[in-house]
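Chains as they are written, first to last, in this note's numbering: chain A, 6 to 257; chain B, 273 to 544. By construction, the Cβ of each residue, glycine as well, lies at the ideal position given by its N, Cα and C atoms. For clarity, every value in this text was computed on a predicted model and none was experimentally measured. Please read the structure below before turning to the comments.
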């Protein structure tokens, strides 16, 4: 089951330049929450603070408190432990090129020492089914490389890979920006199904997409979160003038 | 214009391949006649006696190269990993600089170093000392190519691994290094092929030996040393054997490199 996320007073920096200013936010469990805003507004930086990916960049650091369920992200939890509970799907599909489809999905478990073949088979099957890829690849699990799939399939493979470690939260950083409309449609459908079991936070450039998949939407601008509310409210009756300007296409 | 460019490209390819082909053809022409079972299975005969072979030198070369690879390959790959994954700082720059300088040090100087640190301590020449000298020569090439190959692996692949809770060291070994395998192997093979024919660093380390020797702590024959000795001798029979030795050396290098390449290709996905 998914868990909620609480974010308090988060500031993020790249070296000396500050990218996020005092972000406060509560993400509901088992819902999809979309983050929108123009390029460079900090929404990707923010999502990377939730699973401590931000700090993998040299000189980058984070201040503030993030809680995922009962887990304090920046206090007493190792980054690797955390990331097994908070899965991530990236902008560009990034399957491991030297691994078969099966090994891609099993990677998170195998590389952490999980060796039970039978259980692995089950988890791979379940994860690929959840990511709606099973039927397309079931005959070539071991024969084909993850990189030999089409872009849309690769992205679903990456979703399966994230699901295989059985996370509670799934972060998606513009998961459709490199995909064609049909693949995008499939991923969006998938998000609908996945939020029954996972809490989903999705960064998107595409406002229609936010409106389609998310119950809640946050609008970011210049490193600040301007507004956070029910998606419907953000798109029909936003409280802030800047949000209104953005969602009506007056800038950005 | 396209045709001209294609023509120029083809011409340069021919010019590059020509010397290689010529060397190989000439070696076969001069050497093939002296290669027979005795050459591959016997030790050298005393001066004046015809016949004999280089079996001990073939095995000796293999021994020395194995020792060199066992030491040089892990060290070189380890240094390359450090440079690519952790060395984006001043220490990394120092290692890079030292490695590039080491790459330019004449091989005979490296022989002297190995003499000083191994032979003087052991009080006699040995395959081990020869292996150390060649290992030192392998390290910078392997380190710098490993670094380059790891840097070619997109950051996105590392992030994919971090994202599913794989630790940094595991990511480096099981994901990044594995993705870069074929490039890293190319670097290793380049270094191997380069030192396989080295003579100067073996002159006063492995030293050479006219007889069988299976102890890596004793003076050991090597093909390159044998070729050197025989080519400088005044005997026609030895000259012929030097040609044959050269041919065997080249064939062994090409064979080893090809075998590794095929093995690596089997283990990875084509077109990935």
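Residue 444(B) is a Cβ neighbour of residue 357(B), given a cutoff of 8 Å. In this structure, the CA atom of residue 367(B) is about 9 Å from the CA atom of residue 354(B). Neighbourhood of residue 382(B) in chain A, by CB distance below 8 Å: empty, with the nearest CB roughly 35 Å away.
A distance below 6 Å between beta-carbons, with the five flanking residues on each side excluded, links residue 240(A) to the following residues of its chain, in chain order: 216, 252. By the neighbour-count criterion, in which a residue is buried when 16 or more other Cβ atoms sit within 10 angstroms of its Cβ, residue 107(A) is buried. Identification of chain B residues near residue 166(A) by a Cβ-Cβ cut-off of 7 Å yields 436, ordered along the chain. Per DSSP, the continuous beta strand (DSSP E) segment holding residue 229(A) begins and ends at 229-235.
Per DSSP, the beta bridge partners of residue 16(A) are 68(A). Against residue 451(B), the close residues of chain A are 101, 102, 103, in the order they occur along the chain (beta-carbon pairs closer than 8 Å). Residue environment analysis places residue 114(A) among the buried positions, since at least 16 neighbouring C-beta atoms fall within 10 angstroms of its C-beta. Annotation for residue 335(B): no beta strand (DSSP E) segment contains it, though the alpha helix (DSSP H) segment containing it runs 327-353.
A residue is called buried when at least 16 other Cβ atoms come within 10 angstroms of its Cβ; residue 422(B) meets this threshold and is buried. If the five residues before and after residue 400(B) are omitted, its C-beta is found closer than 8 Å to the C-beta atoms of 339, 390, 394, 488, 489, all from its own chain and listed in chain order. The C-beta distance from residue 61(A) to residue 363(B) rounds to 20 Å, too long to meet the 8 Å contact threshold.
Using a Cβ distance threshold of 8 Å, residue 388(B) and residue 498(B) do not count as a contacting pair.
For residue 369(B), the uninterrupted alpha helix (DSSP H) segment begins and ends at 362-376. Nearest CB-CB separation between residue 160(A) and chain B: not below the 8 Å threshold. Taking CB atoms only, residue 119(A) has no neighbour in chain B less than 8 Å away. Taking the CA atoms as reference points, residue 287(B) sits about 10 Å from residue 293(B).
Ranked by Cα distance from residue 508(B), the first of 313(B), 277(B), 318(B), 322(B) is 322(B). 428, 429, 431, 432, 434: these are the residues of the segment 419-434 of chain B whose beta carbon lies less than 7 Å from some beta carbon of chain A, given in chain order. In the same chain as residue 130(A), and ignoring 5 residues on each side of it, no C-beta atom comes closer than 6 Å to its own. With a threshold of 8 Å between beta carbons, residue 307(B) makes no contact with chain A. For residue 502(B), the closest C-alpha among the options 429(B), 536(B), 468(B), 317(B) is that of 317(B). Listed in chain order, the positions of the segment 344-374 of chain B with a beta carbon within less than 8 Å of a beta carbon of chain A are 360.
Per DSSP, residue 109(A) lies in no beta strand (DSSP E); the unbroken alpha helix (DSSP H) holding it starts and ends at 106-115.
Proximity of residue 116(A) to chain B, defined by a Cβ-Cβ separation below 8 Å, is satisfied.
Runs of alpha helix (DSSP H) with 4 or more residues, each lying fully within the segment 484-526 of chain B, are found at 495-504, listed in chain order. Residues of chain B with a Cβ closer than 8 Å to the Cβ of residue 113(A) are, in chain order, 436, 437, 438.
If you draw a straight line from the Cα of residue 10(A) to the Cα of residue 359(B), it comes to about 36 Å.
Between residue 54(A) and residue 457(B), the alpha-carbon positions lie close to 37 Å from each other.
Residue 109(A) places its beta carbon less than 8 Å from that of residue 100(A). Using a Cβ distance threshold of 8 Å, residue 160(A) and residue 184(A) count as a contacting pair. Residue contact check for residue 447(B) against chain A: a CB pair falls below 8 Å.
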